[in-house]
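Here is the structure:
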């Protein structure tokens, strides 16, 4: 696997995990939003990853390269989906969004789950950064050999 390919794979992982952290931050910031522009409470969002380059001509080219001993890879964000779980209901007749019985639909965001997701994304980002820096150092040392 070439130095540049490893750097690309690691960078794609960092980019994907940064997007995951952005979505977690959005979920946490909207954990009390009971009214959105769509009319209901905020619905939790989740990031879906997929292998980078699955559906393009480059994938065929990379598979041929892989046959010759080189490897490719990486990850990208395929889509951001909404969590379809039901909204929790809380009794609060003083809330402006309460129904005629005094119940309010709350966002389906579990703050603890979001914190765990952010920790996992942060550690994955750090791991990719460590790989990136290690390969960068290896490349620099390899260039020193020739001088």
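In my numbering, the protein residues as written are 2 to 148.
Even for Gly, the Cβ is constructed at its ideal location relative to N, Cα and C.
Assign residue i to one of three DSSP states: helix, strand, or coil.
| i | result |
| --- | --- |
| residue 18 | helix |
| residue 43 | coil |
| residue 105 | strand |
| residue 50 | strand |
| residue 27 | helix |
| residue 136 | helix |
| residue 90 | strand |
| residue 100 | coil |
From the DSSP output, which residues share a beta bridge with residue i?
| i | result |
| --- | --- |
| residue 76 | 52 |
| residue 81 | 48 |
Do the CB positions of residue i and residue j come within less than 9 Å of each other?
| i | j | result |
| --- | --- | --- |
| residue 107 | residue 33 | yes |
| residue 49 | residue 12 | no |
| residue 110 | residue 90 | no |
| residue 76 | residue 53 | yes |
| residue 36 | residue 126 | no |
| residue 74 | residue 10 | yes |
| residue 137 | residue 8 | yes |
Leaving out the 5 sequence neighbours to the left and right, which residues in its chain are closer than 7 Å to residue i when beta-carbon positions are compared?
| i | result |
| --- | --- |
| residue 119 | 22 and 25 |
| residue 140 | 4 |
Apart from the five residues on each side of it in sequence, which residues of its chain come closer than 6 Å, Cβ to Cβ, to residue i?
| i | result |
| --- | --- |
| residue 94 | 103 |
Three CB pairs or more closer than 8 Å across the stretch 42-55 and the stretch 74-91: Because the criterion of three Cβ pairs below 8 Å is met, the stretch 42-55 and the stretch 74-91 touch.
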